[in-house]
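A.B. asks:
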Amino acid sequence: MIENPLADLRTTKEAHTGQLLSKRNVVGVGLGYKMRGGRNTGELSIVVSVTRKEPAAALPKQDLVPPLLENIKTDVVETGVLRPLPSRTSDLGPKDRWRPVVPPGVSLGHYLITAGTFGCLVHRDEEVFILSNNHVLANANACEIWDPILQPGAADGGGPDDRIARLAEFVPLIFESEPSKCRIAGLTAHMLNMIAGAFGSRHALEPVRKAAETNHVDAALARPLSPNQVTNKILGIGAPIGSGRAQLGTRVQKAGRTTGLTQGIIAQIEATVRINYFGPEALFTDQLVASAMSQGGDSGSAVLDTQRRVVGLLFAGSPATTILNPIEAVLSALDVELVTTL
Amino acid sequence: MEEMRPMSEEDWARLRRIKARHEAGLMRKANVVGVGVGFRRAHGKTTGEPAIVVSVTHKVARSRLDASDVIPRQIDGVPVEVQAVGELRALDACED
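Next up, the structure:
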């Protein structure tokens, strides 16, 4: 009785590995079940991988793999030439440096920002662009066209050697003029209103807020240094099949730099929201409000429905909620189309 | 309590018009950061009843607000849902 059949096998295999590897065409030696006629015999054997099988007659005697090694059968398997594989996708996360091909859903950003997310690929005629937010690719207007875009973003270690694109175009963000919420402005208006009231004026004065100019999108395009360096297959989701319009209750998903793949639901449409850009505030109209599905760093993520239609571009939120630009507004503002599955 | 009936396209259009007409006034009130079209919630769940949804950074008791900052419970017959969401921020990565 053999207590551990593998133990004997291992000893035998180790004793012969060096010699086996010196034979012509042999690229690997391991333990496994012997296959016969494409089926598993259930019998443990020493498996010898070869680039190609050759008739025994064509091989010098010393290059023959013996059918038995110390009474243990060998199994010769043709595997072709073994090569290192491109880094397995499961080994890389959304904050990592992705090469040679960068998928949407991973960290990237203008060289002066922390990091955001590569949303998706779009095109105008033959030219392909990376789509993300203005505040990710264009540093919230504080930029020059042609500025470098890093993958990963600077917060994830991106530096001069990590350039993958250059800022191409952006929709300028309009920030609210100061300072409607300021107490002094409010008080002054209040006092003027009292005076106006005292003089019987029907025109009450209000604190000044430039409410007329609102934003519809926080969006920008970057031109990849090489079109071969980007794909339209969103990490963990796949390529979008097109664009769609989200309704109340639409279930959505996104792949983002910080929280990865998450799901949510559209809770409000046609929303007007005031967004804090780490100081200045900007008013947006006609936005989609989704449930909590993001954190800082997810800005720029494409938001898709369950049929993989892009419905929004994620750009803001709080621990309780996520705000998206409807994708039609983004595509029309930039005059581009999605790169979809063909 | 009024029986709920399915909203027609016309009902939705009316709701949108009411929201559009009042959103500037709502956005000026203290702590308000958003106004949209959604559903009323009760006990943490959506009721399916269409509403004007007003997002606020935090809720403040009516008695502690200026009269002008109080959000009405209904506008033109449409329920108003007030939700505390915190501050809405652009979501680039946090500096740490």
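From first to last, the protein sequence lines are chains R and W. Quick note: the first sequence, position 208, residue 208 per my numbering, numbers continuous. With the second sequence counted from 1, adding 1000 to any position gets you my numbering. Virtual Cβ for every residue (Gly too), placed ideally from N, Cα, C. Model, not experiment: these values are computed from the prediction.
For the region 283 to 302 of chain R, which residues have a CB atom closer than 8 Å to at least one CB atom of chain B, in sequence order?
C.D. replies: Of the protein chains in the structure, R and W, none is chain B.
A.B. asks: Can we say the region 68 to 81 of chain R touches the region 90 to 97 of chain R, given the rule of at least three CB pairs closer than 8 Å?
C.D. replies: no
A.B. asks: Unbroken beta strand (DSSP E) runs of length 3 or more, entirely within the region 1001 to 1053 of chain W: which are they?
C.D. replies: 1032 to 1042
A.B. asks: Please name the residue, chosen from R/Glu144, R/Leu137 and R/Cys143, that lies closest to R/Leu150 on a Cα-to-Cα basis.
C.D. replies: As a position in the first sequence, residue 150 of chain R is number 150, starting the count at 1. When each option's Cα is compared against that of R/Leu150, the closest is R/Leu137.
A.B. asks: Beta-carbon of W/Val1053 versus every beta-carbon of chain R: anything under 7 Å?
C.D. replies: Looking up residue 1053 of chain W in the second sequence gives position 53. By this cut-off, W/Val1053 is an interface position.
A.B. asks: Verify the CB distance criterion: does R/Cys182 have a CB-CB separation below 7 Å to chain W?
C.D. replies: Taking the first sequence and counting its residues from 1, one reaches residue 182 of chain R at position 182. Note that R/Cys182 has pLDDT 39, beneath the 50 cutoff, so the model's placement of it is unreliable and the number below is only indicative. It does not; no Cβ of chain W falls within 7 Å.
A.B. asks: So the alpha helix (DSSP H) R/Glu328 belongs to, where does it begin and stop?
C.D. replies: For the purposes of this step, residue 328 of chain R is identified with residue 328 of the first sequence, where counting begins at 1. Run containing R/Glu328: Ile327 to Leu334, per the alpha helix (DSSP H) assignment.
A.B. asks: Tell me, please, whether the CB atom of W/Leu1088 is closer than 7 Å to any CB atom in chain R?
C.D. replies: Taking the second sequence and counting its residues from 1, one reaches residue 1088 of chain W at position 88. By this cut-off, W/Leu1088 is an interface position.
A.B. asks: Taking 7 Å as the cut-off, decide whether the C-beta atoms of R/Val27 and R/Thr51 are in contact.
C.D. replies: The residue given as residue 27 of chain R occupies position 27 in the first sequence. The residue given as residue 51 of chain R occupies position 51 in the first sequence. In contact: R/Val27 and R/Thr51 (Cβ atoms closer than 7 Å).
A.B. asks: For R/Leu21, count the other beta carbons within 10 Å of its own beta carbon; 16 or more makes it buried, fewer makes it exposed. Which is it?
C.D. replies: To locate residue 21 of chain R, count along the first sequence from 1; it is residue 21. By the 10 Å Cβ count, R/Leu21 comes out exposed.
A.B. asks: If R/Gly256 and R/Arg308 are in contact, beta carbons under 8 Å, what's the gap, nearest whole angstrom?
C.D. replies: Within the first sequence, residue 256 of chain R is the residue found at index 256, counting from 1. Within the first sequence, residue 308 of chain R is the residue found at index 308, counting from 1. So it is not a contact: roughly 16 Å between Cβ atoms.
A.B. asks: Less than 7 Å between CB atoms is the rule here; does W/Gly1025 satisfy it with respect to chain R?
C.D. replies: Numbered from 1 along the second sequence, position 25 holds the residue referred to as residue 1025 of chain W. Chain R, which has no Cβ nearer than 7 Å to the Cβ of W/Gly1025, makes this no.
A.B. asks: Let me make sure I understand the geometry here. Which of R/Leu31, R/Pro55 and R/His16 has the alpha-carbon closest to that of R/Glu70?
C.D. replies: The residue labelled residue 70 of chain R in the question sits at position 70 within the first sequence. The residue from R/Leu31, R/Pro55 and R/His16 with its alpha-carbon nearest to that of R/Glu70 is R/His16.
A.B. asks: Does the ligand SAH have a heavy atom nearer than 6 Å to the CB of R/Val289?
C.D. replies: The ligand content of the structure shown is nil, which means the ligand SAH is not present either.
A.B. asks: Let me know if W/His1043 comes out buried or exposed under the rule of 16 or more other beta-carbons within 10 Å of its beta-carbon.
C.D. replies: Here residue 1043 of chain W corresponds to residue number 43 of the second sequence, with the count starting at 1. Looking at its Cβ environment, which holds fewer than 16 other Cβ atoms inside 10 Å, W/His1043 is exposed.
A.B. asks: Does the CB of W/Glu1044 have a neighbour CB from chain R at under 7 Å?
C.D. replies: Residue mapping note: residue 1044 of chain W aligns to position 44 of the second sequence, counting from 1. Note that residue 1044 of chain W is Gly in the sequence shown, not Glu. For W/Gly1044, the answer is no, since every Cβ of chain R falls outside 7 Å of its Cβ.
A.B. asks: Evaluate contact between the region 1082 to 1095 of chain W and the region 107 to 118 of chain R, counting only Cβ atoms and requiring at least three cross-stretch pairs below 8 Å.
C.D. replies: yes
A.B. asks: Please name the residue, chosen from R/Ala219, R/Ser318, R/Ala57 and R/Thr306, that lies closest to R/Asn139 on a Cα-to-Cα basis.
C.D. replies: On the first sequence, position 139 is the one that residue 139 of chain R refers to. Minimum Cα distance to R/Asn139 is reached at R/Ala219.
A.B. asks: Consider the Cβ of R/Gly119: report whether some Cβ of chain W lies at a distance smaller than 7 Å.
C.D. replies: Counting from one through the first sequence, the residue named residue 119 of chain R turns up at place 119. Not closer than 7 Å to any Cβ of chain W, the Cβ of R/Gly119 fails to qualify, so no.
A.B. asks: Go ahead and pull the three-state DSSP assignment for R/Val136.
C.D. replies: Numbered from 1 along the first sequence, position 136 holds the residue referred to as residue 136 of chain R. In this structure, R/Val136 counts as helix in the three-state DSSP scheme.
A.B. asks: Can you tell me the Cα-Cα spacing of R/Ile72 and R/Lys34, whole angstroms?
C.D. replies: As a position in the first sequence, residue 72 of chain R is number 72, starting the count at 1. As a position in the first sequence, residue 34 of chain R is number 34, starting the count at 1. For R/Ile72 and R/Lys34, the distance between alpha carbons rounds to 11 Å.
A.B. asks: Go ahead and pull the three-state DSSP assignment for W/Arg1062.
C.D. replies: Here residue 1062 of chain W refers to the residue found at position 62 when the second sequence is read from its first residue. Reduced to three states, the DSSP call for W/Arg1062 is helix.
A.B. asks: For R/Ile145, which option in R/Ser132, R/Leu221 and R/Ile164 has the closest C-alpha, if you only look at C-alpha atoms?
C.D. replies: Locating residue 145 of chain R in the first sequence gives position 145, counting from the first residue. Residue nearest to R/Ile145 within the set R/Ser132, R/Leu221 and R/Ile164 is R/Leu221 (criterion: CA-CA distance).
A.B. asks: Thinking just about the alpha-carbon of each residue, which of W/Arg1064, W/Gln1074, W/His1022 and W/Gly1025 is nearest to the one in W/Pro1050?
C.D. replies: For this step, residue 1050 of chain W is matched to residue 50 along the second sequence. The option with the nearest alpha carbon to W/Pro1050 is W/Gln1074.
A.B. asks: Report the option in W/Val1035, W/Ala1084, W/Lys1029 and W/Ser1063 whose CA atom is closest to the CA atom of R/Ile269.
C.D. replies: Reading the first sequence from its first residue, position 269 is the one you call residue 269 of chain R. Of the listed residues, the one whose Cα sits closest to R/Ile269 is W/Val1035.
A.B. asks: Taking the alpha-carbon of R/Ser332 as reference, which of R/Thr322, R/Thr250, R/Gly312 and R/Thr341 has the nearest alpha-carbon?
C.D. replies: Position 332 of the first sequence, counted from the first residue, corresponds to residue 332 of chain R. Ranking R/Thr322, R/Thr250, R/Gly312 and R/Thr341 by Cα distance to R/Ser332 puts R/Gly312 first.
A.B. asks: Applying the 10 Å Cβ sphere with the 16-neighbour rule, what's the burial state of R/Asn232?
C.D. replies: Mapped onto the first sequence, residue 232 of chain R falls at position 232. Counting every other CB atom within 10 Å of its CB across the protein chains shown gives R/Asn232 a total of 16 or more, marking it as buried.
A.B. asks: Quick one, which residues of the region 135 to 156 of chain R are near chain W if we go by CB-CB under 7 Å, in chain order?
C.D. replies: His135, Val136, Gly153 and Ala155
A.B. asks: From the DSSP output, which residues share a beta bridge with W/Glu1166?
C.D. replies: Examination of residue 1166 of chain W is not possible in this model, given that chain W is present from 1001 through 1096 alone.
A.B. asks: Hey, R/His260 and R/Met293: beta-carbon distance below 7 Å or not?
C.D. replies: The residue you call residue 260 of chain R lines up with position 260 of the first sequence. The residue you call residue 293 of chain R lines up with position 293 of the first sequence. Before going on, a small fix: residue 260 of chain R reads as Gly here, not His. Not a contact, by the Cβ cut-off of 7 Å.
A.B. asks: By the 10 Å Cβ neighbour count, where 16 or more other Cβ atoms means buried, how is R/Thr306 classified, buried or exposed?
C.D. replies: Counting from 1 along the first sequence, the entry for residue 306 of chain R is found at position 306. So R/Thr306 ends up on the exposed side.
A.B. asks: Under 7 Å Cβ to Cβ from W/Val1080, same chain only, skipping five residues before and after it: list those, please.
C.D. replies: The residue labelled residue 1080 of chain W in the question sits at position 80 within the second sequence. Cβ neighbours of W/Val1080 beyond the five flanking positions: Ala1051, Ile1052, Val1054, Ile1071, Pro1072, Arg1073 and Gln1074.
A.B. asks: Report the start-end ranges of each beta strand (DSSP E) in the region 259 to 285 of chain R that is 3 residues or longer and not cut off at the edges.
C.D. replies: 260 to 276
A.B. asks: Just curious, the beta strand (DSSP E) that R/Tyr33 is in, first and last residue?
C.D. replies: By 1-based counting over the first sequence, the position of residue 33 of chain R is 33. Val26 to Arg36 is the span of the beta strand (DSSP E), which, as asked, contains R/Tyr33.
A.B. asks: In whole angstroms, what is the alpha-carbon distance linking R/Ser49 and R/Gly42?
C.D. replies: The sequence position of residue 49 of chain R within the first sequence is 49, counting from 1. The sequence position of residue 42 of chain R within the first sequence is 42, counting from 1. So the alpha carbons of these two residues sit roughly 18 Å apart.
A.B. asks: In chain order, what residues of the same chain lie with their CB nearer than 6 Å to the CB of R/Asn40, ignoring the 5 residues before and after it?
C.D. replies: Here residue 40 of chain R corresponds to residue number 40 of the first sequence, with the count starting at 1. Taken in chain order, the residues that qualify are Tyr33.
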